[in-house]
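K.L.:
As numbered in numbering that gives the first Met the number 0, residues 0 to 76 make up the sequence shown, in order. This is the structure I want to talk about, given as structure tokens.
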Amino acid sequence: MSTNHFSEEVEARLRVFFNEIIDPKDMAKTIREVNYLLSLYFMRSHKTDETELPNIDDNFYWMNRLAEVLDPYFDVE
0 MSTNHFSEEV
10 EARLRVFFNE
20 IIDPKDMAKT
30 IREVNYLLSL
40 YFMRSHKTDE
50 TELPNIDDNF
60 YWMNRLAEVL
70 DPYFDVE
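Here it is, written out as structure tokens:
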């Protein structure tokens, strides 16, 4: 896995976005809902090729990881 680092300017913009513009928990909830709906729609409306399954799976996984960064819903201590 590669690690990309944001510039200080990008980090500052992200902090402003998530601290002043939108609540991270609301954003995480929205990401989870949209991710679920898009995946469900795709599976129901398209004939899923075996070659497409890894791509769908990866997209679903990474969107959920993004939501977890914003609001650790599944993080059990």
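Think of the CB as a built atom: it goes at the ideal place given N, C-alpha and C, for glycine as much as any other residue. From a predicted model like this one, the values you see are computed outputs, not experimental measurements.
Just the Cα atoms here: how many angstroms apart are S38 and S6?
P.N.:
32 Å
K.L.:
Can you tell which of I30, V15, L69, R43 has the C-alpha that lies nearest to the C-alpha of N58?
P.N.:
I30
K.L.:
Measure how close the beta-carbons of K24 and D70 come, nearest whole angstrom, since I'm counting them as under 8 Å.
P.N.:
4 Å
K.L.:
Does DSSP put S44 in a helix, in a strand, or in coil?
P.N.:
helix
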